[in-house]
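Per mature numbering (1 follows the signal peptide of the UniProt record, and there is no 0): the sequence shown = residues -19 to -1, 1 to 159.
This report refers to the structure that appears directly beneath it.
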Amino acid sequence: MKKTYLIPLFFLIAAGASAQLPESFKGKPIDGKGKTGRIPWYISPPKGGIIANAPLYVINKIVIENGYVIEFLSPSSITSFKILAAEEGAKIYGESAKNGVIEVGLKNDIKIWCFMDLFKIYKIKKKYWNLPIFIEDKKLSSNNDIYLSGDLVENVEVIKKINASGKERFLQVSIKPL
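Structure, rendered in structure tokens:
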């Protein structure tokens, strides 16, 4: 008899837990500046360090092996998302897929750009390529092997600020609102 009482209790708890959504899914302001909607997705290792057993990322059939990928993706840009176990991934991609594979398919008109591509497209001089990079006010720890979805990049520019310690220069990547 006790088991029959637990079943409705379980469903009551499960319904309450599934109804809790983060603010970004409710369309409420997410940054204090009045922007609404969904937050872009980030596919990357944690800020604290490197993933010990990073999966292989494949985005639009482009293999990205170095394990450090940042993707700003509009949910409407994604056509498929698939996770392959190590055995299945190794059959397709070989030894580099020993930790599994994350395959992301984007619409045909969406391009994936590395920072070198962005710098060329937005005519950033080579002497500035090693400056710190900020994406929407967030400083990147490294600009090696970082890829962005081209449909969300609004602008790339060199910013020059004068502060107490002198002139500061950095590259600012602006993202289009979702």
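For every residue, glycine included, the Cβ atom is placed at its ideal position computed from N, Cα and C.
Ranges of the alpha helix (DSSP H) found wholly within the region 50 to 130, counting only runs of at least 4: Secondary structure in the region 50 to 130: the alpha helix (DSSP H) runs of 4 residues or longer, each lying completely within the stretch, are 67 to 74 and 96 to 102 in chain order.
Are at least three pairs of beta-carbons, each pair with one atom in the region 33 to 44 and one in the region 85 to 100, less than 8 Å apart? yes
Pull the bridge partners of ASN144 from the DSSP assignment, please. GLY147
Considering only C-alpha positions, which residue in the set LEU129, LYS104, GLU68 and PRO56 is nearest to ILE45? LEU129
Is the beta carbon of VAL154 less than 8 Å from the beta carbon of PHE115? yes
One question on the structure: do PRO36 and ASN80 come within less than 8 Å of each other, judged by their Cβ atoms? yes
Quick check: the Cα distance between ALA67 and ASP90, rounded to an integer number of angstroms? 30 Å
Please list, in chain order, all residues of the same chain as GLU149 whose beta carbon is under 6 Å from its beta carbon, the five residues on each side excluded. LYS142
In terms of residue numbering, what span does the beta strand (DSSP E) encompassing LEU37 cover? 37 to 40
Sorted by chain position, which residues of the same chain lie with C-beta nearer than 7 Å to SER58's C-beta, five sequence neighbours on each side aside? LEU87, LYS88, ILE91, SER130 and ASP132
Let me make sure I understand the geometry here. Which of LEU121, ASP118, VAL137 and ALA78 has the alpha-carbon closest to that of ILE105? VAL137
Please classify ALA78 as buried or exposed, where buried requires at least 16 other C-beta atoms within 10 Å of its C-beta. Buried is the label assigned to ALA78, since at least 16 other Cβ atoms lie within 10 Å of its Cβ.
With DSSP as the reference, identify every bridge partner of LEU133, one or two as the case may be. Beta-bridge pairing links LEU133 to no other residue.
Report back the beta-carbon spacing between PHE96 and ILE127 to the nearest angstrom; my notes put them in contact at under 8 Å. 6 Å
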